[in-house]
Every structure is written in C-alpha cells, then in structure tokens.
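K.L.:
In my numbering, the protein residues as written are 19 to 100. Idealized CB from N, CA, C, for every residue including glycine. Structure incoming, see below.
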Amino acid sequence: MKMGIIVLILKLTKTLEVVIMAVTIDYNLCKGAECAECANNCPMEVFEIEGDKVVVARPEDCSYCGVCEDVCPTGAVKVEPE
Numbered sequence: 019m020k021m022g023i024i025v026l027i028l029k030l031t032k033t034l035e036v037v038i039m040a041v042t043i044d045y046n047l048c049k050g051a052e053c054a055e056c057a058n059n060c061p062m063e064v065f066e067i068e069g070d071k072v073v074v075a076r077p078e079d080c081s082y083c084g085v086c087e088d089v090c091p092t093g094a095v096k097v098e099p100e
C-alpha cells in the first residue's frame with residue numbers, strides 16, 4: 019500500500035485592515051476639572067486632571083471602549099480612528 023502526501027494550499031482571500039484609534043479632547047467644549055466625567059469613569063485610568071484641565075495622560079493604556087465618550091456631557095471626548 020502506497021502512502022501519499024496531501025498538500026494543502028491556503029489562499030488568503032480577505033485582507034486585514036488595521037485601524038489606529040485615538041482619544042481626543044476638544045478643549046473648546048471640555049469643562050475640565052469641574053466635570054471630569056471621563057476621568058472618573060475610565061476603566062483604564064487613561065485620563066488625569068492637570069490644574070483645571072483633563073488630559074489624556076496614558077493613551078497607550080486605552081482599550082477604546084468608548085465609556086469616556088458616552089459619559090461626556092458636552093461631547094468633547096471622542097474615540098475615533100486617527
């Protein structure tokens with residue numbers, strides 16, 4: 019009895035798209051430290067309060083879950099592709 023080798027060739031038919039996300043704050047809309055809903059609700063603790071401003075202090079820790087965007091009452095915080 020002869021044994022053969024089966025060769026399986028996989029053809030990639032779909033492309034992989036990589037999207038780089040970013041968290042931004044529009045300081046014309048942001049109420050800063052008097053609000054700080056984004057900083058208070060971020061599960062990854064990405065935001066910090068510096069003086070009277072909220073800043074994205076640790077963008078590399080962001081999971082892009084969108085909680086900050088959802089809780090911002092002025093729409094100043096955005097999670098979107100760069």
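Expressed to the nearest angstrom, what Euclidean distance is found between the alpha-carbon atoms of residue 97 and residue 47?
P.N.:
15 Å
K.L.:
Please list the terminal residues of the continuous alpha helix (DSSP H) segment that includes residue 52.
P.N.:
Looking at the DSSP string, residue 52 is not in any alpha helix (DSSP H), and its letter there is neither H nor E.
K.L.:
Which residues bound the alpha helix (DSSP H) around residue 64?
P.N.:
Residue 64 -> no alpha helix (DSSP H), and no H or E assigned at all.
K.L.:
Looking only at its own chain, which residues have a Cβ that is under 8 Å from the Cβ of residue 79, when we skip the five neighbours before and after it?
P.N.:
62, 63, 64
K.L.:
Assuming residue 72 and residue 41 are in contact, meaning their beta carbons sit under 8 Å apart, how far apart are those beta carbons, in whole angstroms?
P.N.:
Actually they are not in contact, since the Cβ atoms of residue 72 and residue 41 sit about 11 Å apart, beyond 8 Å.
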